[in-house]
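**Q** Protein chains in written order, with numbering that gives the first Met the number 0: chain W, 0 to 363; chain D, 0 to 363. All C-beta atoms in this analysis are idealised placements derived from N, C-alpha and C, irrespective of residue type, glycine included. The structure under discussion is supplied below as structure tokens; questions concerning it will follow.
2 protein chains.
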Amino acid sequence: MARAHNFNAGPAGLPLAALERAQRELLDFEGTGMSIMEHSHRGKSYEAVHNEAVSLTKELCGIPDGYDVLFLQGGASLQFAMVPMNFLPEGKTADYVITGGWSEKAYQEAGRLGKVRVAATTEQNKKYTRIPKQGEIQVDPAAAYVHITTNNTLFGTQWHYDPEVGNVPLIADMSSDIMWKPINVSKYSLIYAGAQKNIGPSGVVIVIVKKDFLATARKDIPVILRYGTHAENNSLYNTPPTFGIYLVRNVLAVTKEMGGLSAMEAHNRKKGDLLYSTIDSDPDFFRAPVEKESRSYMNIVFRLPTEELEKKFVSEAAKKQMIGLAGHRSTGGIRVSAYNAVSYESMEALTSFMREFRKTAPAA
Amino acid sequence: MARAHNFNAGPAGLPLAALERAQRELLDFEGTGMSIMEHSHRGKSYEAVHNEAVSLTKELCGIPDGYDVLFLQGGASLQFAMVPMNFLPEGKTADYVITGGWSEKAYQEAGRLGKVRVAATTEQNKKYTRIPKQGEIQVDPAAAYVHITTNNTLFGTQWHYDPEVGNVPLIADMSSDIMWKPINVSKYSLIYAGAQKNIGPSGVVIVIVKKDFLATARKDIPVILRYGTHAENNSLYNTPPTFGIYLVRNVLAVTKEMGGLSAMEAHNRKKGDLLYSTIDSDPDFFRAPVEKESRSYMNIVFRLPTEELEKKFVSEAAKKQMIGLAGHRSTGGIRVSAYNAVSYESMEALTSFMREFRKTAPAA
Numbered sequence: 000m001a002r003a004h005n006f007n008a009g010p011a012g013l014p015l016a017a018l019e020r021a022q023r024e025l026l027d028f029e030g031t032g033m034s035i036m037e038h039s040h041r042g043k044s045y046e047a048v049h050n051e052a053v054s055l056t057k058e059l060c061g062i063p064d065g066y067d068v069l070f071l072q073g074g075a076s077l078q079f080a081m082v083p084m085n086f087l088p089e090g091k092t093a094d095y096v097i098t099g100g101w102s103e104k105a106y107q108e109a110g111r112l113g114k115v116r117v118a119a120t121t122e123q124n125k126k127y128t129r130i131p132k133q134g135e136i137q138v139d140p141a142a143a144y145v146h147i148t149t150n151n152t153l154f155g156t157q158w159h160y161d162p163e164v165g166n167v168p169l170i171a172d173m174s175s176d177i178m179w180k181p182i183n184v185s186k187y188s189l190i191y192a193g194a195q196k197n198i199g200p201s202g203v204v205i206v207i208v209k210k211d212f213l214a215t216a217r218k219d220i221p222v223i224l225r226y227g228t229h230a231e232n233n234s235l236y237n238t239p240p241t242f243g244i245y246l247v248r249n250v251l252a253v254t255k256e257m258g259g260l261s262a263m264e265a266h267n268r269k270k271g272d273l274l275y276s277t278i279d280s281d282p283d284f285f286r287a288p289v290e291k292e293s294r295s296y297m298n299i300v301f302r303l304p305t306e307e308l309e310k311k312f313v314s315e316a317a318k319k320q321m322i323g324l325a326g327h328r329s330t331g332g333i334r335v336s337a338y339n340a341v342s343y344e345s346m347e348a349l350t351s352f353m354r355e356f357r358k359t360a361p362a363a
Numbered sequence: 000m001a002r003a004h005n006f007n008a009g010p011a012g013l014p015l016a017a018l019e020r021a022q023r024e025l026l027d028f029e030g031t032g033m034s035i036m037e038h039s040h041r042g043k044s045y046e047a048v049h050n051e052a053v054s055l056t057k058e059l060c061g062i063p064d065g066y067d068v069l070f071l072q073g074g075a076s077l078q079f080a081m082v083p084m085n086f087l088p089e090g091k092t093a094d095y096v097i098t099g100g101w102s103e104k105a106y107q108e109a110g111r112l113g114k115v116r117v118a119a120t121t122e123q124n125k126k127y128t129r130i131p132k133q134g135e136i137q138v139d140p141a142a143a144y145v146h147i148t149t150n151n152t153l154f155g156t157q158w159h160y161d162p163e164v165g166n167v168p169l170i171a172d173m174s175s176d177i178m179w180k181p182i183n184v185s186k187y188s189l190i191y192a193g194a195q196k197n198i199g200p201s202g203v204v205i206v207i208v209k210k211d212f213l214a215t216a217r218k219d220i221p222v223i224l225r226y227g228t229h230a231e232n233n234s235l236y237n238t239p240p241t242f243g244i245y246l247v248r249n250v251l252a253v254t255k256e257m258g259g260l261s262a263m264e265a266h267n268r269k270k271g272d273l274l275y276s277t278i279d280s281d282p283d284f285f286r287a288p289v290e291k292e293s294r295s296y297m298n299i300v301f302r303l304p305t306e307e308l309e310k311k312f313v314s315e316a317a318k319k320q321m322i323g324l325a326g327h328r329s330t331g332g333i334r335v336s337a338y339n340a341v342s343y344e345s346m347e348a349l350t351s352f353m354r355e356f357r358k359t360a361p362a363a
């Protein structure tokens, strides 16, 4: 069976070389007669993999001294709770910039744990067609932190600048675009990302946290929910998701081989530019709702003239092994997720199909 | 490379057939041109796997109506916090039976969140050589719940009865012996278990919870930490660890093929009896600290006359591909973990090595 063109929003496609390596080693990791998932998390074989995943993350993201890299469980959804549990003390307020469904969820979860405030929103009747401009973001200088979501999978928007927030610690959920391009880590006090878009399978979440910021965290919460617990133990306080972290290691090794995050950015821009130019070549038929400066290179959304045509588009594409093109159930339309592992060839196949589909479709 | 004799305490060996299936399907799950880990968690392919993992759990454990089966993340360590967060309201006390290092941790974490009480302990200077008798367990009839740890990996003890606790809800951490034999689920209000001993890789935790008990859970905690959130969404509220759950499905399918939990019990007793009889045949040399009625069939611990001999035992065994025999770093000695996937042949190899080692060792 040929590899599908996988445009899933997440879990998403992974680099073939990373999967082939996993397949080769699945029954016998480096001559040990055991799968890596059968090794102790305190043994030499696994620890080498674990530490390589950490060091590849540091290298690829250019993480300066003074930051810890953690591999945790529970996805971004658990981070929505852990961030305020650790960093929102009583008497303080946390600022949230609301740009879509995921930042809404982060804001709501924090609101169950403490006092929260909207620093900016582009909600406009749940449409979220853009990222706010710097001037629209009203940061409370006394806020415990400001939280942003750098890419919005549902609405297809993406931040193309790191916001200035003065001396307030900046926290970013980068679940759906981490490592799509180089990251200005030093702008952030904490970055978190579920692995299942750009860097691995679901079940692993990566956290990059500034040590100085970590030192300010609350201690009156369960041990397992303190970032400090995991930082002090190199993410080995409890048994980590060893096979998931092994797969992240495999993906990051491939990412490095391909030239690192600058190469990823060129690759992703080339794919996105091809798709957006196809969309823009017939804007009455391919209707892109997102403001141009806010367009995401990870999730490209558009509508067709009718829902019927959208259904037909998705089902005919599926016949050509192009998978995952239906928009989120809450938004409808078409969504093309084009994470790091999606090849330019897949995007060529899709845009060629789009032009073909346009020709045979009734006039808009 | 031949398969190692894997006596790891966890993550531990998995059934070869479950791994071979994963290897076969790793690049192409059921002709879809994608790995199962590249499928959407909301797509048909993954949902069938997910639901099969749930239904196999129900079938194998004979779970009566009125219970939910959940697959969560964060391991038993997160359960140590989630249990009291959900089920220990202000003004109530939770009872803990302390039988080893893990129940200590569960007790301490709960103590950070509410009022806790020791219903029984076999601590005796950190030795924990036995499970308490029914008559020793002093349950507060007004307790929110009673918590036990059914098997103690560090000290090699195991409960061989379900304690009577009156009308107080009974909660069990079965991480290291779930499915080692049939389970009296109806005795328990909540069972949890990290997968990485008997049923899968690390990164998945299984929860079996009585619906009536769940209905009493607190609602004033983060959404992601409420059991109810996951029960209402068939463990698909957020992205689950899809590949981990797929592997659990594979292991449970093999467990069923092998005859289910009665067959597992016979298999595990046969292995344990062989090992304990070898130990007991020379009790001056193989020194088993655990009271006979409390002996674990999952983790069999013993000491040799000197630490030097213990080191030699572990290193010579490793040369014969017998892995994971060093005791926990906090206890020392020898520990043989004999989870479901450890074969009788591996136990024969080990006991044969033990007899050989005894012969060549200096007199005790």
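Grab me the residues of residue 168 (chain W)'s own chain with a C-beta within less than 6 Å of its C-beta, minus the 5 sequence neighbours each way, in chain order.
**A** 144, 188, 212
**Q** Apply the 10 Å Cβ neighbour rule to residue 225 (chain W) and answer buried if 16 or more other Cβ atoms are within range, or exposed otherwise.
**A** Buried, because 16 or more other Cβ atoms sit within 10 Å of the Cβ of residue 225 (chain W).
**Q** Going by DSSP, which residues form a beta bridge with residue 286 (chain W)?
**A** W:302
**Q** How would you list, in chain order, the residues of chain W whose beta-carbon sits under 8 Å from the beta-carbon of residue 34 (chain D)?
**A** 13, 18
**Q** Please tell me whether residue 372 (chain D) has its Cβ less than 8 Å away from any Cβ of chain W.
**A** Outside the shown range of chain D (0 to 363) lies residue 372 (chain D), about which nothing can therefore be said.
**Q** Could you tell me which chain W residues have their CB closer than 9 Å to the CB of residue 2 (chain D), listed as they occur along the chain?
**A** 26, 27, 32, 33
**Q** Between D:56, D:314, D:46, which has its C-alpha nearest residue 179 (chain D)'s C-alpha?
**A** D:56
**Q** Nearest chain W C-beta to residue 21 (chain D) closer than 8 Å, yes or no?
**A** yes
**Q** Residues of chain W with a CB under 7 Å from the CB of residue 259 (chain D): which are they?
**A** Simply none; closest approach about 23 Å.
**Q** So which of W:86, W:176, W:13, W:263 has the shortest CA-CA distance to residue 205 (chain W)?
**A** W:176
**Q** Spatial neighbours of residue 364 (chain W) within its chain, please: C-beta separation below 6 Å, excluding the five flanking residues on both sides.
**A** What the structure shows of chain W is the stretch from 0 to 363, and residue 364 (chain W) is not part of that stretch, so it cannot be assessed.
**Q** Excluding the 5 residues flanking residue 61 (chain W) on each side, which residues of the same chain have their C-beta closer than 6 Å to its C-beta?
**A** none
**Q** In chain order, which continuous runs of the beta strand (DSSP E) of length 3 or greater are located wholly inside the segment 154-200 of chain D?
**A** As far as the segment 154-200 of chain D is concerned, its whole beta strand (DSSP E) runs of at least 3 residues are 169-172, 189-193.
**Q** DSSP has residue 70 (chain D) in a bridge; who is on the other side?
**A** D:205
**Q** Select from W:324, W:270, W:287, W:351 the residue whose C-alpha is nearest the C-alpha of residue 126 (chain W).
**A** For the options W:324, W:270, W:287, W:351, the alpha carbon positioned closest to that of residue 126 (chain W) is the one of W:287.
**Q** With C-beta atoms as the reference, is residue 232 (chain D) less than 8 Å away from residue 21 (chain D)?
**A** no
**Q** Does the contact criterion of 3 or more C-beta pairs under 8 Å hold for the segment 268-277 of chain D versus the segment 72-87 of chain D?
**A** no
**Q** Going straight from the alpha carbon of residue 48 (chain D) to that of residue 335 (chain W), what length do you get?
**A** 25 Å
**Q** With 8 Å set as the bound, which would you pick, yes or no: does the beta-carbon of residue 193 (chain W) sit closer than that to a beta-carbon of chain D?
**A** yes
**Q** Counting only beta-carbon separations shorter than 8 Å, does residue 88 (chain D) have a partner in chain W?
**A** no
**Q** Quick one: what's residue 321 (chain W) bridged to in DSSP?
**A** W:4
**Q** Which whole-angstrom value describes the C-beta separation of residue 93 (chain D) and residue 38 (chain D), a residue pair presumed to lie in contact below a C-beta threshold of 8 Å?
**A** So it is not a contact: roughly 40 Å between Cβ atoms.
**Q** What's the C-alpha gap between residue 8 (chain W) and residue 236 (chain D)?
**A** 16 Å
**Q** Using a cut-off of 8 Å between C-beta atoms, extract the partners of residue 38 (chain D) located in chain W.
**A** 7, 10
**Q** For residue 196 (chain D), count the other beta carbons within 10 Å of its own beta carbon; 16 or more makes it buried, fewer makes it exposed. Which is it?
**A** Under a 10 Å Cβ-count criterion, residue 196 (chain D) is classified as buried, with 16 or more other Cβ atoms of the shown protein chains found around its own Cβ.
**Q** Note down, one range per segment and in chain order, each beta strand (DSSP E) of at least 3 residues found wholly within the segment 197-277 of chain W.
**A** 204-209
**Q** Can the beta-carbon of residue 181 (chain W) be found closer than 8 Å to that of residue 295 (chain W)?
**A** no
**Q** I believe residue 289 (chain D) touches residue 156 (chain D) by the beta-carbon criterion, under 8 Å. Please report the beta-carbon distance rounded to the nearest angstrom.
**A** Contact holds; Cβ gap of about 6 Å.
**Q** Buried or exposed: residue 133 (chain D), going by 16 or more other Cβ atoms within 10 Å of its Cβ?
**A** Counting other Cβ atoms within 10 Å of its Cβ, residue 133 (chain D) stays below 16 and is therefore classed as exposed.
**Q** Assign residue 114 (chain D) to one of three DSSP states: helix, strand, or coil.
**A** strand
**Q** With distances taken from CA atoms, which of D:323, D:331, D:333, D:329 is nearest residue 44 (chain W)?
**A** D:323
**Q** To be precise: take each residue of the segment 61-91 of chain D, compare its Cβ to all Cβ atoms of chain W, and keep it if any distance is under 7 Å. Which residues remain?
**A** Within the segment 61-91 of chain D, the residues whose Cβ lies closer than 7 Å to some Cβ of chain W are 72, 73, 74, 76, 77, 79, 80, listed in chain order.
**Q** In chain W, which residues lie less than 8 Å from residue 154 (chain D) when you measure between Cβ atoms?
**A** Residues of chain W passing the Cβ test: none, with the nearest at roughly 18 Å.
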